[in-house]
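Have a look at the structure below, then the notes.
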Amino acid sequence: MKFTDDQIADIGEEIINVLKTVYDPEIPVDIYELGLIYDVQISDDADVKIIMTLTTPNCPVAETLPQEVKDKVAEVDHVKSVDLELTFEPSWNKDMMSEEAKFELGML
Numbered sequence: 001m002k003f004t005d006d007q008i009a010d011i012g013e014e015i016i017n018v019l020k021t022v023y024d025p026e027i028p029v030d031i032y033e034l035g036l037i038y039d040v041q042i043s044d045d046a047d048v049k050i051i052m053t054l055t056t057p058n059c060p061v062a063e064t065l066p067q068e069v070k071d072k073v074a075e076v077d078h079v080k081s082v083d084l085e086l087t088f089e090p091s092w093n094k095d096m097m098s099e100e101a102k103f104e105l106g107m108l
């Protein structure tokens, strides 16, 4: 089934809402506001590709965090499949955080 642009936009919003429920265990800010999600691509068939990073390659949740993201996004209505790519290029840095995240962490 092909989805319309509006439906894809709605699915995208729902995915972002779900991503905002996933937290880096060491930082009290969700991974979306932290800037760990580099890209979310949604095809007409609602196949989702997420490109994300971790705060460091040696992050203690390197094994579990991407799987948690994949599992939660897969539960979003209409999502057919989730392909998650973990990348360290470019490396994450504090400038990638949203203003909200910087504020929460007392960096503003």
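Under full-length UniProt numbering, the first residue of the sequence shown carries the number 1, and numbering increases by one thereafter. Backbone N, C-alpha and C fix where the C-beta goes; we use that ideal spot for every residue, glycine too. The model shown is predicted, which means the values in this text are computed figures rather than measured ones.
query: Kindly indicate which residue of K94, S81, N17 and E89 has the alpha-carbon position closest to the one of D47.; result: S81
query: Using the rule of at least 16 other Cβ atoms within 10 Å of the residue's Cβ for burial, across every protein chain shown, is L66 buried or exposed?; result: Residue 66 is actually Pro in this sequence, not Leu. With 16 or more other Cβ atoms within 10 Å, it is buried.
query: Assuming V40 and V69 are in contact, meaning their beta carbons sit under 8 Å apart, how far apart are those beta carbons, in whole angstroms?; result: Actually they are not in contact, since the Cβ atoms of V40 and V69 sit about 10 Å apart, beyond 8 Å.
query: Could you tell me which uninterrupted alpha helix (DSSP H) segments, each at least 4 residues in length, are contained entirely in the UniProt domain "MIP18 family-like" (13-83), listed from first to last along the chain?; result: 31-34 and 64-74
query: From G35 to M1, what does the alpha carbon distance come to, in whole angstroms?; result: 32 Å
query: Can you tell me where the alpha helix (DSSP H) with K102 in it begins and where it stops?; result: E99 to E104
query: Please state if the CB of P28 and the CB of E104 are separated by a distance shorter than 8 Å.; result: yes
query: By how many angstroms is the C-alpha of P25 removed from the C-alpha of V61?; result: 8 Å
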